[in-house]
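Here the UniProt record's numbering is used: the first residue of the sequence shown is 1, the next is one more, and so on.
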Amino acid sequence: MAHTAETPLNTSADYHVLQPNDLDDPNDLEQSSSTSSSEPNNLRTSGQINPQDSAESCDHIKGSDRRNLAFQNERHSFTTILTNLAAIALPLAFVVFTIRVSSLDGHAVDKETLATLTWRSLMTGLGTLFPILFASVIGRLLFKIARWKLEKGATLGSLEQLMGSQTVGGTLATQYQLRAFNLLGISLVLVWAFSPLGGQSLLRMLDSRLEPRFEPSSIVYFDTDAPSEPANRDPQGSGIEDLEGLLAFFRMLFTAAVLSPEKTKTDPMDLWGNVKIPRLASTAMTGWQNMSWSPKLEHYAAFVGIPVTNVALGNTTFSLESSYIDLECSNITSTSDFPDDGLFDWPGWDATDFDNGTWHGFNVSRGSINSWGIALNRFVDPMWSNRTLVDGRLDNEWYGSMLTRPVLFENETGIEAGPTKLFFHTRIGYDYHGSLRSVTAYCDVAQRYVESRVICSRATYADQQNCSVTAQRSSLLNHPPEEISFFSFPDVFRYISRDVPLATTLEGSVHPSIALQYLNDPDIGSITVGSPPNGFFRDVDDELFSHRLSQVLNTYLLISQMSADSLSSGVNNTEISWNTTTPANVSRLVEVYSVSRLWIWLCLASTVVLLIGGILSVFFNHLANGPEVLGYVSTAVRDSKFIDMPPETGRIGGTDLTMMKKDLRVRYGFTGQESEGQALIGVGLEKETEQIKGHLI
């Protein structure tokens, strides 16, 4: 029952003071409330309080006996302990998670396991959960601080700042509404700024990047010091059929290489996936010379490359030792006279003794109008073909094959190797009844030894490796004199001289061979199947002719060395007959975790702020002694001067009071009481309070 305004403020009232055990039964509060409702309440008789009366009242309280007043201690309740543990454990878990994520930087992403998916899922889930947890922990902290400050004594504005800053939006709105632009307000805004930052940092701190990883490996490639197979085959008796089949195989590969399109000729790899060796531009330089792609068809030493196997996944870099024939031709002459040099011939198939300074090779007079031939003027001394002598000088099980290779002289000293020249001769007839024209050239012959830096890339073992030479220099290893080449051995040169001019044409044909047409013009579109044009071989540059003739001869020589091995490049576990194993470095692009330093530090700062907030919430919870009364609707009932409540409700928390009085119907409006002629408005019982609906302006 509400009291009238005429009730004096100093009217005494008898209150039933609860003893410590009086509230064991909630019904006691209900009975006490009904009993006290009929008693006068000097604190609810007026809307105004005289400061003097308030001071006297405080003095009276100080002198009163409070030994029998007891507040229920909830610090050690199960719910409080569980909440305190969660307020510390959950933020601590976020801190540990952040530190663990920071340690992932640079670690490989294992796509075959669920680890990557787990990290992604965790970050997505925790990024969503963080703002919720942050609001719970920091909101609880501010609530506990406000509760503690209320007991210690604080301004209404500071308490409202704390209680109104339970969320990010609430913090901004409260500071604006209260015009509270003070240190407390700034601190609250800064603290709440970590809520969105923490959530975003959890989503952004971990990514992935491709990073090269290096590991040692080994590469197997074909050794260009290998012998030419026909030179070590028996050309007589039962072996002649095998030899003819082998030569037919060589002609097939040679023709395919010469006829390959320009794109293939300029590609760093040949038709069969072998890496092609560029022609070293300057042999005088000892350092590395960078090699890049060139559109020139004469860029490479041969149309075929060197087989390379055992290439690992990724980018493999290694050094490759090789050699090739290098010709420097000059004095290219076109005449209608048939020169005496054109009468050269091969004295006998098994001949080994050749006079230096005289030309030896298969000539052009073989029934073909358009034919060409080559001859050499210097060979190794017949002494080096003596197997008994070589067997005594060399401690090598392959000494037999060394009789036809420059490596025979690798460790020899005092060898006098004079300059070797190659004579090129072709006759060109425009038809059966036309005049013949003779073209000749003289070329210096040298065996160049180079070291090439090769890089091969391979994505999967099912893919073809992609190799290219990136740098080149003259070989630093011990080699025979460059004047001694494979052509210096009669058993090798006789096949080169006989078969190369005929490899790309039919004997007796009136048309120039494909190889001869390439020497004139490398454009595959200019190849004809009829008589050559009038300008055929009239304006050929010495340097270009040297490179083209070197390419043609090197291609056949290399094919005769590799044989079937020329088709084995890139096939793992394939044994190459003559091979060299060299160390290699494998660089593999691996997907690794990438941790953003900015976002990881923001995340760590946010989680540490959250952890500190959890610890402080526990601390202030233990500092406070009274019940939790701030922020509850029941506070409006507890403190209303228009609703009589028993005095012992002051020791009950807001939640407990709401639970006990949850069925009590209240209303904000005109209470039916007056003070100094003004109707009093506030929260009262629903049946005793008039609505304000009809009084809106």
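Each residue gets a CB set at the ideal place from its N, CA and C atoms; glycine is no exception.
Is the separation between the beta-carbon of residue i and that of residue j shorter than 9 Å?
i: residue 200; j: residue 185; result: no
i: residue 528; j: residue 515; result: no
i: residue 92; j: residue 613; result: no
i: residue 109; j: residue 591; result: yes
i: residue 213; j: residue 346; result: no
i: residue 472; j: residue 280; result: yes
i: residue 569; j: residue 273; result: yes
i: residue 616; j: residue 198; result: no
i: residue 250; j: residue 560; result: yes
i: residue 558; j: residue 566; result: yes
i: residue 469; j: residue 277; result: yes
i: residue 260; j: residue 449; result: no
i: residue 420; j: residue 444; result: yes
i: residue 221; j: residue 582; result: yes
i: residue 555; j: residue 321; result: no
i: residue 481; j: residue 441; result: no
i: residue 634; j: residue 650; result: no
i: residue 385; j: residue 491; result: yes
i: residue 145; j: residue 192; result: no
i: residue 247; j: residue 458; result: no
i: residue 99; j: residue 604; result: yes
i: residue 306; j: residue 406; result: no
Nearer than 8 Å: is that true of the beta carbon of residue i relative to any heavy atom of the ligand MG?
i: residue 175; result: Of the ligands one can find in the structure shown there are none, so the ligand MG has no counterpart to examine.
In the DSSP assignment, what residue or residues form a beta bridge with residue i?
i: residue 662; result: Note: residue 662 sits in no beta bridge, so no partner.
i: residue 585; result: 216 and 317
i: residue 84; result: DSSP output for residue 84 lists no bridge partner at all.
i: residue 324; result: 448
i: residue 711; result: This structure cannot settle anything about residue 711, because the visible part of the chain is limited to 1 through 697.
i: residue 593; result: 208
i: residue 670; result: 681 and 690
i: residue 347; result: Paired residues: none, contrary to the question.
i: residue 329; result: 443
Hey, residue i and residue j are a contact pair by Cβ (cut 8 Å); roughly how many whole angstroms apart?
i: residue 599; j: residue 204; result: 5 Å
i: residue 486; j: residue 379; result: With a Cβ gap of about 11 Å, residue 486 and residue 379 do not count as contacting.
i: residue 513; j: residue 501; result: 7 Å
i: residue 180; j: residue 157; result: 6 Å
i: residue 497; j: residue 361; result: 4 Å
i: residue 263; j: residue 303; result: With 8 Å as the limit, residue 263 and residue 303 do not qualify as a contact, their Cβ atoms being about 13 Å apart.
i: residue 523; j: residue 446; result: Rounded, the Cβ-Cβ distance is 28 Å, inconsistent with contact.
i: residue 642; j: residue 673; result: 7 Å
i: residue 194; j: residue 606; result: 4 Å
i: residue 596; j: residue 207; result: 7 Å
i: residue 318; j: residue 454; result: 6 Å
i: residue 415; j: residue 409; result: 6 Å
i: residue 618; j: residue 182; result: Wrong, their Cβ atoms sit about 27 Å apart, outside the cutoff.
i: residue 150; j: residue 657; result: No, residue 150 and residue 657 are not in contact; Cβ-Cβ is about 16 Å, not under 8 Å.
i: residue 686; j: residue 666; result: 6 Å
Evaluate residue i with the Cβ neighbour count: other Cβ atoms within 10 Å of its Cβ, from every protein chain shown; 16 or more gives buried, anything less gives exposed.
i: residue 373; result: buried
i: residue 89; result: exposed
i: residue 679; result: exposed
i: residue 141; result: buried
i: residue 288; result: exposed
i: residue 311; result: buried
i: residue 76; result: exposed
i: residue 350; result: exposed
i: residue 190; result: exposed
i: residue 316; result: buried
i: residue 117; result: exposed
i: residue 36; result: Note on residue 36: pLDDT 41, under 50, position unreliable in the model; no value is reported.
i: residue 693; result: exposed
i: residue 120; result: exposed
i: residue 640; result: buried
i: residue 293; result: exposed
i: residue 216; result: exposed
i: residue 224; result: buried
i: residue 426; result: buried
i: residue 548; result: buried
i: residue 463; result: exposed
i: residue 684; result: buried
i: residue 593; result: buried
i: residue 503; result: buried
Taking only runs that begin and end inside the stretch 467-523, name each unbroken beta strand (DSSP E) of 3 or more residues, in chain order.
-> none
Whole alpha helix (DSSP H) elements within the stretch 73-158, 4-residue minimum = 78-102 and 115-152
In chain order, which continuous runs of the alpha helix (DSSP H) of length 4 or greater are located wholly inside the stretch 521-565?
-> 542-562
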